[in-house]
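Mapping of the sequence shown onto numbering that gives the first Met the number 0: residues 0 to 444, in sequence order. Everything on this sheet refers to the single structure shown next.
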Amino acid sequence: MTDSNRIPLYRTIWRWHFYAGLFVIPFVLVLSATGAAYLFKPDLDRWEERAWRGLPTAGAVDADAQVAAALADFPGASFHYYRVPEGPGDAAIVHLGLSNGTMRDVAVSPQGRVIGSADPERRLSAWLSAIHGSLLIGRTGSLLVELAASWAIVMILTGLYLWWPRARGLAGVVWPRLSLGARTALRDLHAVTGFWVSGFALVLLFTALPWTDVWASGFRAVRAEMGWVSGTQDWKGGADPHAAHDRKAMVMADHAARAAPTIPLARIVERARAEHMPAPAIVQPPGAPNLFGPPNGATWTLTTQTQNRPQVRKISYDPATGVEVARSGFADKHIIDRVVNIGIAWHEGQLFGRINQLIGALTALALFTLAVSGFLMWRRRRPEGALGAPPSARDSTRLRGVAAIILLLAALLPLLAASLILLWIVERLLLPRLPHAARWLGVAA
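Right under this line is the structure:
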């Protein structure tokens, strides 16, 4: 290791790894914990709704009576969708838009009695999602998460270079050497964990990009320019200049008068049960707002909110006759949308069920371990009165490969590019005027 540190290329990559790791550590800790918990969203939602399941079925009423009961408890509300009960004794969930711009999931028993309600934005899974996506500070948090994800990619790639075996055995490369003292064991734990998790971590990071702000906005523009769009984008990510993202405004607008369908909801629910749509299956009335894109058309619509996106289907029924008028599924989407949705399903741990959840949880645990071990290594090595960064290299002829790789990543990750420009300005223009700060940062070799 000592000999390698003298090589400008190695030292420069170590320096990139050091700064990337130091920046992303707090984000990795938060995102790993919240992401691991969110993998179990279906289980969390079921747990929160445990009192709404396994109810008596005697004297059951139809879906129309259940919706009427929910609307009677929330005067002025509008009906957005009916969630089909999974079992005979489960309550129906009637999703309403309230007159004050908020929403409610209203649980109605088989007998047509309201037995509870919940604000969907205050569910445990929604809270975890908000932390994971924006740190609870809105767009600023979303940009910070995107920036951290970009630098995490740099951290993993540079870490793989530092880990790469150089005439060594498998010990310390594939498994940690735990008998050579605390310092070596900690170093090996960090390096070996990084090696084993790197592939899964990169998949997680890249599948998160469609949800981001800056990257996803660019991706949306490229898709539109290249004609890669088929239907409405069904994931939240990127600024859409043609869509209103203010959910309160969307709910308030929904209170405009809608033509009442002739065919009752109960008839459509009967059709829905025969389709065996993956839970949670929902039935939307004509004109109801959607989470993504414009409101529902002038039909009854059956679809599913399952996170296993390849299983999503959509069926529309004529409101006057109940006859099926349209049907679409995953295969009807553009290939780009299919790839993105498969990635999202994997990211959320729902593509392969429990196996996917287990892999995601282990990946999050490994990333958490990397963050903690990296911090401990820094604290042990950090000299008094300095940050402890590897000194910068001055032999630019050996660094063209590093520069090319970084520029390629910057071209693909806009926030990484912006942060690199800022770092260049600081290092080239500001730090020469601040020698004490430069020495503390390790810029002066």
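For every residue, glycine included, the Cβ atom is placed at its ideal position computed from N, Cα and C.
Residues bridged to residue i [DSSP beta-bridge criterion]
| i | result |
| --- | --- |
| GLY328 | ARG312 |
| THR303 | ALA280 |
| SER116 | VAL105 |
| TRP174 | ALA170 |
| GLU323 | TYR316 |
Separation of residue j from residue i, as counted between CA atoms
| i | j | result |
| --- | --- | --- |
| HIS346 | PRO413 | 22 angstroms |
| THR231 | PHE291 | 7 angstroms |
| ALA402 | LEU350 | 37 angstroms |
| LEU366 | ALA35 | 11 angstroms |
| ALA409 | GLN306 | 31 angstroms |
| ALA207 | LEU421 | 24 angstroms |
| GLY352 | ALA416 | 36 angstroms |
| MET102 | ASP118 | 6 angstroms |
| PHE26 | GLY441 | 24 angstroms |
| ILE335 | ILE343 | 12 angstroms |
| ALA129 | VAL29 | 12 angstroms |
| ALA215 | GLY236 | 5 angstroms |
| THR11 | LEU429 | 20 angstroms |
| ALA436 | LYS332 | 54 angstroms |
| ASP42 | PRO431 | 55 angstroms |
| GLU120 | ALA76 | 17 angstroms |
| LEU407 | VAL153 | 11 angstroms |
| GLY226 | ARG219 | 11 angstroms |
| THR56 | VAL282 | 21 angstroms |
| PRO434 | ASP104 | 60 angstroms |
| LEU179 | ARG427 | 41 angstroms |
| MET251 | PHE374 | For MET251, the predicted model reports a pLDDT of 48, less than 50, meaning its position is unreliable; a value from the coordinates is still stated below. MET251 and PHE374: Cα-Cα distance of roughly 48 angstroms. |
| GLY384 | ALA370 | 23 angstroms |
| VAL173 | SER197 | 13 angstroms |
Closest by C-alpha distance to residue i, when choosing among the options
| i | options | result |
| --- | --- | --- |
| TYR316 | LYS332, GLY286 and ARG337 | GLY286 |
| GLY359 | GLN310, GLY348 and TRP174 | GLY348 |
| ALA330 | LEU201, GLY321, ARG312 and LEU419 | ARG312 |
| LEU134 | THR33, GLY198 and ALA417 | THR33 |
| GLY132 | ARG337, TRP227, PRO209 and ILE281 | PRO209 |
| PRO279 | LEU54, LEU30, ALA184 and ASP89 | ASP89 |
| GLU145 | HIS189, THR300, ASP212 and GLY198 | ASP212 |
| PRO293 | ALA265, ASP233, ILE314 and ARG308 | ASP233 |
| ALA62 | TRP227, TYR81, ASP44 and GLY75 | TYR81 |
| GLY387 | ILE405, PRO434 and ARG438 | ARG438 |
| SER124 | LYS40, GLY296 and GLU48 | LYS40 |
| ALA325 | LEU369, ASN295 and LEU127 | ASN295 |
| VAL338 | VAL228, GLU426 and ILE262 | VAL228 |
| ALA50 | THR368, ILE92, GLU269 and ALA385 | ILE92 |
| SER418 | ALA19, LEU8 and ARG14 | ALA19 |
| LEU127 | LEU8, PRO434, LEU411 and ASP44 | ASP44 |
| PRO87 | GLY100, ARG272, TRP46 and MET225 | ARG272 |
| THR303 | VAL83, ALA76, LEU8 and THR56 | VAL83 |
| TYR9 | ARG165, LEU142 and VAL221 | ARG165 |
| ARG186 | PRO434, ARG270 and ARG378 | ARG378 |
| ALA170 | LEU161, TYR160 and VAL191 | VAL191 |
| TYR160 | ARG222, TRP13, SER141 and GLN310 | TRP13 |
| GLU47 | ALA223, ILE114 and ARG122 | ARG122 |
| ILE114 | ARG52, GLY140, GLU85 and VAL173 | ARG52 |
| ALA259 | GLU224, ARG222 and THR298 | THR298 |
8 angstroms contact criterion, which residue i and residue j should meet: CB distance rounded
| i | j | result |
| --- | --- | --- |
| PHE73 | PRO284 | About 16 angstroms; that fails the 8 angstroms criterion. |
| ARG112 | ALA68 | 7 angstroms |
| ILE267 | GLY328 | Actually they do not touch by this definition, with Cβ atoms about 19 angstroms apart. |
| LEU188 | SER372 | 5 angstroms |
| VAL23 | TRP163 | Not really, about 21 angstroms apart at Cβ, beyond 8 angstroms. |
| LEU264 | VAL66 | 6 angstroms |
| GLY168 | HIS16 | With a Cβ gap of about 23 angstroms, GLY168 and HIS16 do not count as contacting. |
| ARG308 | ASN355 | 12 angstroms between Cβ atoms; not a contact. |
| SER108 | LEU54 | 5 angstroms |
| ILE447 | LEU201 | Since the first residue shown for the chain is 0 and the last is 444, residue 447 is missing from the structure and cannot be characterised. |
| GLN110 | GLY58 | 5 angstroms |
| THR261 | ALA319 | 5 angstroms |
| SER98 | ALA106 | Not a contact, Cβ separation roughly 20 angstroms. |
| ALA184 | PRO175 | 6 angstroms |
| ALA148 | LEU95 | That pair is no contact at about 35 angstroms. |
| ILE314 | GLU274 | 7 angstroms |
| PRO277 | GLN310 | 5 angstroms |
Near the ligand GTP: residue i beta-carbon under 7 angstroms from a heavy atom
| i | result |
| --- | --- |
| ALA259 | For the structure depicted, the ligand GTP is absent and the ligand set is empty, with no information on it obtainable. |
(message) Going residue by residue through the stretch 48-100, where are the continuous alpha helix (DSSP H) segments of at least 4 residues, counting only ones entirely within it?
(response) 62-72
(request) Let me know the alpha helix (DSSP H) ranges lying completely inside the stretch 348-377, each 4 residues or longer, listed in chain order. (result) none
(request) Can you check the stretch 186-249 for any alpha helix (DSSP H) of at least 4 residues that lies completely inside it and give the ranges in chain order? (result) 213-225
(request) Give, in chain order, every unbroken run of the beta strand (DSSP E) that is at least 3 residues long and sits entirely within the stretch 110-156. (result) 113-117
(request) Let me know the beta strand (DSSP E) ranges lying completely inside the stretch 6-49, each 3 residues or longer, listed in chain order. (result) none
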